[in-house]
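Worksheet: one structure, shown below.
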Amino acid sequence: DVSGALCISQAWPRMPRTIYNDHKRFLETYLTSYAGKENMWQDTCTHLDFFTGDGVYCTSEGYYQLTGWLDNIISISGHWLGTAEVENVVNHHVAVAESAVIGYPHEIKGEGKMLSFLPRNITRGYSTATLAAKLQELISKKIAKYAAPDYVQVTQANWSNTHTG
344 DVSGALCISQ AWPRMPRTIY NDHKRFLETY LTSYAGKENM WQDTCTHLDF
394 FTGDGVYCTS EGYYQLTGWL DNIISISGHW LGTAEVENVV NHHVAVAESA
444 VIGYPHEIKG EGKMLSFLPR NITRGYSTAT LAAKLQELIS KKIAKYAAPD
494 YVQVTQANWS NTHTG
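Read in order, the letters of the sequence shown are residues 344 to 508 in the working numbering.
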């Protein structure tokens, strides 16, 4: 199983060709080798690949899953972590309706993370404290120990979404 940046090596119809009045920025953003930019996704894109801006997870069986935009990342003790990657793990739990991961300044790690979630079916034997601990454990197992949030907040209020989520 591997995760990294989604890059496309073949041109396609309607592929962007430039940014109006800023072709240099287009080349630097989308066609320059993404490997080595802040050491985030080494060896995932070559100099000829089109960088989509999305993260992707490839299973050992060859299936691909988009994990979210790569600009929504948190740097934790030198590890780059996509917020959507954590939210995806949490949202698959039966007692979670929706979740959000938020970064905050941390004097030791650089950035810390807080998980906020809206519970669903919380009566299935979970107290909010038990569920928070279970979610931290689940994130540690599915992603890595450094991915577990420092704080977990259970939200009971109305959860407002934009058109993009």
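Ideal Cβ positions, reconstructed from N, Cα and C, are used throughout, including at glycine.
- In the three-state scheme derived from DSSP, where H, G and I count as helix and E and B as strand, leucine 461 is classed as strand.
- Contact between isoleucine 482 and valine 437 fails: their C-beta atoms lie close to 16 angstroms from each other, not under 8 angstroms.
- Cβ contact annotation for aspartate 493 (same chain, cutoff 8 angstroms, sequence separation greater than five): His449, Gly455, Lys456, Met457, in chain order.
- For the 9 angstroms CB-CB criterion, tyrosine 400 and glutamate 428 form a contact.
- In the structure shown, the three-state DSSP call for valine 495 is strand.
- A residue is called buried when at least 16 other Cβ atoms come within 10 angstroms of its Cβ; isoleucine 416 meets this threshold and is buried.
- For serine 418, the closest alpha carbon among the candidates Val345, His366, Ile451, Val439 is that of Ile451.
- Bounds of any beta strand (DSSP E) do not take in isoleucine 451, whose DSSP letter is neither H nor E.
- According to the DSSP assignment, valine 345 belongs to the beta strand (DSSP E) that extends over 345-351.
- Excluding residues up to 5 positions away in sequence, Glu430, Ser459 lie with their Cβ nearer than 7 angstroms to the Cβ of alanine 443 in the same chain.
- The alpha-carbon of aspartate 392 is positioned some 11 angstroms away from that of threonine 372.
- Listed in chain order, the alpha helix (DSSP H) elements of length 4 or more contained wholly in the segment 385-443 are 426-434.
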